[in-house]
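If you're matching positions, the sequence shown starts at 6 in our numbering and goes up one per residue.
Comments concern the structure below.
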Amino acid sequence: MAKYKTLTFAAVHTGVAFTVVYAMTGSLMLGGLIAIIEPACNTVAYFLHELAWERYPIG
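Quick look at the structure:
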C-alpha cells in the first residue's frame, strides 16, 4: 500500500510545487526544476514515513 500512496502523493506534490513556484516567479524553467527536485526529496521521506507507520502501528 505504501508504494501506491507514495506514487499518488508524488504526482499531487509535483503539481502543487510547480504551480506555486510558477505563480510566484512566472518562470516555467524555475517552476519545472523545483517541481522535480523538491517533491523527489519529499517523496522519499514520505515513503519512509509510510513504511515506519506500517511497521510500528499505533493502537
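Using N, Cα and C, we set each Cβ at its ideal position, and we do this for glycine too.
task = Ignoring anything shorter than 4 residues or poking outside the segment 26–54, list the alpha helix (DSSP H) runs there in chain order.
result = DSSP runs (the alpha helix (DSSP H)) wholly in the segment 26–54: none.
task = On a CA-only basis, which of Tyr-9, Tyr-61, Ala-15 and Trp-58 is nearest Met-40? Give me that one, please.
result = By one-based count along the sequence shown, residue 40 stands at place 35. Before going on, a small fix: residue 40 reads as Ala here, not Met. It is Ala-15.
query = Given that a residue counts as buried once 16 or more other Cβ atoms are within 10 Å of its Cβ, and exposed if not, what is Val-49?
reply = Stepping through the sequence shown from its first residue, residue 49 is reached at position 44. Under this definition Val-49 is an exposed residue.
message = Considering only the alpha carbon of each residue, which of Arg-60, Ile-63 and Tyr-51 lies closest to Thr-13?
response = If you number the sequence shown from 1, residue 13 lands on position 8. The residue with the shortest Cα to Cα distance from Thr-13 is Tyr-51.
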